[in-house]
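Trainee: Would you mind keeping the following structure in view while I ask a few things?
Protein chains in written order, with my numbering: chain A, 1 to 351; chain B, 352 to 692.
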């Protein structure tokens, strides 16, 4: 599935928001929403970006799409034409032709579709903006896209209110695919959907990736969904990367205490495994006033003196496994139980 | 149903909303029991009527909604004294109902962020509930409030009692909300999606707290959620709802390990779990939840059901009936009787 080339290489990305006070708007501090984040995405793979609210995962995604201008760092993107460009430094005029290669799927399909535009206009707008002027051509392409995402082309004249949440999210996906993007940034694409509809959209995203050779950056807080759809996962905590690892390894052998805590906090849908006995104490610190040393040390059961003073750097402790923890090599943390060996018994009808 | 004196027994509850566009049968014949000290999880997707059900129990349905029929038998004395009282017979604003609300039955609302008043301290809001229902002085009420806040794990409660809700983090606000709900030692606590708006690590803390408090005080809890993982972790007994009707009820272990209703089975198969095999297509439930204005005739689930029986499921409405010693389901796979109408 994965090739060796990196489509995206994010290096030391920073996004600070100033805190202003008083009449002259003096800058008194910064909210370090994204603070020295580095990761890469290989072509054709799915990288999951997970973390709790306020950890900077959405800001990171928005910086990559240059919906926000980063404060510092590099976002090296290998363009479809070949050369590598730094999205963080590129002037706005040079970004525009690249925008068609990078598209976004938003969280809430009830907010991201204009209620006064029908599907033809909604999905056709990116085509129009990018020079497909003939209405006939647009209609044909929209019909093709609707079929691709599993909607009937006859629906083209209808408006968003006629569709359910799952169908609307399909429309949002069709719109994102209109210009044949290479990178799709999906920011919580299923968290606004009902459980019975989530599976349909996840399956669609997986199928489209295989057919169209897409690369996904998948931002989510639901670890079960992330486990299902990603190849590798990056865990963020208060603006920093805690751990990056291939999905299976991250879930079964986490190396960062925060990853392990996050995994143990997920309620398992099995009453025979009541797992929430030892929850993590305390709250997520504010990125405007983070603790000293490792940001996780006040809540960490394994913290030592060094953690309180010296911030850990993201280091590769095993090939492909990046952890920012002083004790990553010595700790033996518990991940998700592998129950593939003891499947849940199924019961016949009639009981 | 085995225990002769359930704390709460909802029988054939119907709550309809009369709108200009038509009538929405948000809750259409719901029945379930809550035993003393039991955690009952009501699970269902959006629009299944789970929130309307508990609002009906508390009698806080706003017009155009109205309670059409049904019984809400509440038995706070546990058999002794006066016996069960039917909350459905009271006027929503009556003295009796107001005496029960907040005292015997307390609510943890869906959005704790919005439920606190931003212009009163949390202490004053919790004390208000205590002063309303208990014969204590203001000073005593303040002491009880501090004690309650300590119990739910608010650090330095003697200072936090004078904090405003917006000064607290999401987790602390939710803890304060629980302290308010527990202020008068309710017999029944209703938690309406209490952890939906908060992060997983905080959610784990809150669920753990609720379970510990439930065991200490032997409070019965009705826990409403759409998250099957949360249900599995906290509930003793599960009620599965779909489009205003109860699809299946049973002990939590049976619901998760031997689901009988096709909807329960499909729902459990379709969720990606943290343990499921990655990157394989998930089994899905075809279609989506029908709009409340055009509910299908017969069984509400039949258009999406893999076990659909033609001319039966789309013609008659199944009733909730026992299918074994522990579980009940409303499905024609298990019985033939239909509802008359």
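Glycine residues also receive a C-beta, built at the ideal position from the N, C-alpha and C atoms. Remember, predicted model here, so these are calculated numbers, not experimental data.
Taking 9 Å as the threshold (beta carbon to beta carbon), is residue 293(A) in contact with chain B?
Mentor: The residue given as residue 293(A) occupies position 293 in the first chain. It does not: the Cβ of residue 293(A) has no partner Cβ on chain B nearer than 9 Å.
Trainee: Step through the CB atoms of chain A and report whether any lies within less than 9 Å of the CB of residue 671(B).
Mentor: The count along the second chain starts at 1 and reaches residue 671(B) at position 320. Judged by the 9 Å Cβ criterion, residue 671(B) is not in contact with chain A.
Trainee: My assumption, with CB atoms under 8 Å, is that residue 259(A) sits in contact with residue 242(A). Please give the rounded CB distance.
Mentor: In the first chain, counting from the first residue as 1, residue 259(A) sits at position 259. In the first chain, counting from the first residue as 1, residue 242(A) sits at position 242. Confirmed, about 6 Å.
Trainee: Inspect the beta-carbon positions of residue 625(B) and residue 14(A) and report whether they are closer than 9 Å.
Mentor: Within the second chain, the letter at position 274 stands for residue 625(B). Within the first chain, the letter at position 14 stands for residue 14(A). Contact: no.
Trainee: Looking at residue 500(B) and residue 527(B), is the spacing between their C-beta atoms short of 9 Å?
Mentor: For the purposes of this step, residue 527(B) is taken as residue 176 along the second chain, with counting starting at 1. For the purposes of this step, residue 500(B) is taken as residue 149 along the second chain, with counting starting at 1. In contact: residue 527(B) and residue 500(B) (Cβ atoms closer than 9 Å).
Trainee: Whole angstroms are fine: how far does the CA of residue 561(B) sit from the CA of residue 353(B)?
Mentor: Sequence index remark: in the second chain, residue 353(B) carries index 2 (1-based). Sequence index remark: in the second chain, residue 561(B) carries index 210 (1-based). Low confidence applies here, because residue 353(B) scores a pLDDT of 46, under 50, leaving its location unreliable; read the following figure in that light. Cα-Cα distance, rounded: 26 Å.
Trainee: Rounded to whole angstroms, what's the CA-CA distance from residue 559(B) to residue 585(B)? Just pull it up for me.
Mentor: Taking the first residue of the second chain as 1, we reach residue 559(B) at position 208. Taking the first residue of the second chain as 1, we reach residue 585(B) at position 234. For residue 559(B) and residue 585(B), the distance between alpha carbons rounds to 8 Å.
Trainee: From residue 80(A) to residue 62(A), what distance separates their C-alpha atoms?
Mentor: Counted from its first residue, the first chain places residue 80(A) at position 80. Counted from its first residue, the first chain places residue 62(A) at position 62. In a straight line, the C-alpha of residue 80(A) is about 20 Å away from that of residue 62(A).
Trainee: Where residue 434(B) and residue 409(B) are concerned, what is the direct C-alpha to C-alpha distance, given to the nearest angstrom?
Mentor: Here residue 434(B) refers to the residue found at position 83 of the second chain. Here residue 409(B) refers to the residue found at position 58 of the second chain. So the alpha carbons of these two residues sit roughly 19 Å apart.
Trainee: Hey, quick one: how far does the alpha helix (DSSP H) through residue 562(B) stretch, first residue to last?
Mentor: Locating residue 562(B) in the second chain gives position 211, where the first residue counts as 1. Looking at the DSSP string, the run of the alpha helix (DSSP H) that includes residue 562(B) is 551-568.
Trainee: Starting from the C-beta of residue 290(A), find all residues in its chain whose C-beta is less than 6 Å away, skip the five residues before and the five after it, and write them out in chain order.
Mentor: Working through the first chain from its first residue, we reach residue 290(A) at position 290. The residues are 238.
Trainee: I need the boundaries of the alpha helix (DSSP H) containing residue 228(A), first residue and last residue.
Mentor: Numbered from its first residue, the first chain carries residue 228(A) at position 228. Segment 223-229, the alpha helix (DSSP H) holding residue 228(A).
Trainee: In angstroms, rounded to a whole number, what distance separates the CA positions of residue 200(A) and residue 306(A)?
Mentor: Position 200 of the first chain holds residue 200(A). Position 306 of the first chain holds residue 306(A). So the two alpha carbons sit approximately 47 Å from each other.
Trainee: Which two residues bound the contiguous beta strand (DSSP E) that contains residue 191(A)?
Mentor: The residue given as residue 191(A) occupies position 191 in the first chain. Run containing residue 191(A): none; DSSP gives neither H nor E here.
Trainee: Judging by CA-CA distance, which residue of 189(A), 102(A) and 141(A) is the nearest neighbour of residue 110(A)?
Mentor: What you label residue 110(A) is simply residue 110 of the first chain in a count that begins at 1. If we check each option's Cα against that of residue 110(A), 189(A) comes out closest.
Trainee: Hey, is residue 630(B)'s beta-carbon within less than 9 Å of any beta-carbon in chain A?
Mentor: In the second chain, counting from the first residue as 1, residue 630(B) sits at position 279. Yes - at least one Cβ of chain A is within 9 Å of the one on residue 630(B).
Trainee: Kindly indicate the opening and closing residues of the beta strand (DSSP E) around residue 599(B).
Mentor: Indexing the second chain from 1 puts residue 599(B) at position 248. Start and end: 596-602.
Trainee: Let's see if you can read the secondary structure: which residues bound the alpha helix (DSSP H) around residue 510(B)?
Mentor: As a first step, residue 510(B) must be located in the second chain, where it is residue number 159. Where residue 510(B) is concerned, the enclosing alpha helix (DSSP H) stretches over 508-511.
Trainee: Residues of chain B with CB closer than 8 Å to the CB of residue 427(A), please, in chain order.
Mentor: Residue coverage of chain A in this structure runs from 1 to 351, which leaves residue 427(A) outside it and unanswerable.
Trainee: Taking 6 Å as the limit between beta carbons, can you name the residues of its chain near residue 676(B), skipping five residues before and five after?
Mentor: By one-based count along the second chain, residue 676(B) stands at place 325. Within the same chain, residue 676(B) has no close Cβ partners at all.
Trainee: Could you give the distance in angstroms between the alpha-carbon of residue 42(A) and the alpha-carbon of residue 174(A)?
Mentor: Here the question's residue 42(A) lines up with position 42 in the first chain. Here the question's residue 174(A) lines up with position 174 in the first chain. Each residue's alpha carbon lies about 23 Å from the other.
Trainee: My guess is that residue 570(B) and residue 537(B) are in contact by the Cβ rule of under 8 Å, so how many angstroms apart are they, rounded?
Mentor: As a first step, residue 570(B) is located in the second chain; it is residue number 219 there, counting from the start. As a first step, residue 537(B) is located in the second chain; it is residue number 186 there, counting from the start. About 6 Å; that satisfies the 8 Å criterion.
Trainee: In whole angstroms, what separates the C-alpha of residue 312(A) from that of residue 682(B)?
Mentor: Against the first chain, residue 312(A) aligns to sequence position 312. Against the second chain, residue 682(B) aligns to sequence position 331. Those two C-alpha atoms are separated by around 58 Å.
Trainee: Show which residues of chain B have a CB atom less than 7 Å away from the CB atom of residue 289(A).
Mentor: Residue numbering aside, residue 289(A) sits at position 289 when the first chain is read from its first letter. None at all; the shortest Cβ gap to chain B is about 13 Å.
Trainee: In or out: residue 533(B) buried (at least 16 other Cβ within 10 Å) or exposed?
Mentor: Here residue 533(B) is taken as the residue at index 182 of the second chain, counted from 1. Counting Cβ neighbours within 10 Å, residue 533(B) comes out buried, since at least 16 surround it.
Trainee: Helix, strand or coil: which one does DSSP assign to residue 685(B)?
Mentor: For this step, residue 685(B) is matched to residue 334 along the second chain. Three-state result, residue 685(B): coil.
Trainee: Could you give the DSSP three-state label for residue 16(A): helix, strand or coil?
Mentor: Reading the first chain from its first residue, position 16 is the one you call residue 16(A). Reduced to three states, the DSSP call for residue 16(A) is strand.
Trainee: For a quick check, are the C-beta atoms of residue 183(A) and residue 74(A) less than 9 Å apart?
Mentor: Here residue 183(A) corresponds to residue number 183 of the first chain, with the count starting at 1. Here residue 74(A) corresponds to residue number 74 of the first chain, with the count starting at 1. Not in contact: residue 183(A) and residue 74(A) (Cβ atoms no closer than 9 Å).
Trainee: Note the first and the last residue of the continuous beta strand (DSSP E) segment covering residue 296(A).
Mentor: The residue you call residue 296(A) lines up with position 296 of the first chain. Taken as a continuous stretch (DSSP letters only), residue 296(A) belongs to no beta strand (DSSP E), as it is neither H nor E.
Trainee: Here's the rule I'm using: 16 or more other beta-carbon atoms within 10 Å means buried, otherwise exposed. How should residue 363(B) be labelled?
Mentor: Residue 363(B) sits at position 12 when you count from the first residue of the second chain. So residue 363(B) ends up on the exposed side.
Trainee: Does the beta-carbon distance from residue 523(B) to residue 424(B) come in below 9 Å?
Mentor: Stepping through the second chain from its first residue, residue 523(B) is reached at position 172. Stepping through the second chain from its first residue, residue 424(B) is reached at position 73. No, they are not a contact pair.
Trainee: Can you list, in chain order, the residues of the stretch 91-113 of chain A whose Cβ is nearer than 8 Å to any Cβ on chain B?
Mentor: Answer in chain order: no residues at all.
Trainee: Excluding the five sequence neighbours on either side, which residues of its own chain have a C-beta within less than 6 Å of the C-beta of residue 397(A), listed in chain order?
Mentor: Any answer about residue 397(A) is impossible in this case: the structure gives chain A only from 1 up to 351.
Trainee: Grab the span of the beta strand (DSSP E) containing residue 102(A) for me, first residue to last.
Mentor: Mapped onto the first chain, residue 102(A) falls at position 102. Taken as a continuous stretch (DSSP letters only), the beta strand (DSSP E) holding residue 102(A) covers 102-105.
Trainee: For residue 563(B), go through chain A and note every residue whose CB falls closer than 8 Å to its CB, in chain order.
Mentor: Residue 563(B) sits at position 212 when you count from the first residue of the second chain. In chain order: nothing, as chain A lies at least about 10 Å away.
Trainee: What residues from chain B crowd round residue 159(A), counting only those whose CB sits closer than 8 Å?
Mentor: Working through the first chain from its first residue, we reach residue 159(A) at position 159. The contacting residues do not exist; residue 159(A) stays about 15 Å from chain B at best.
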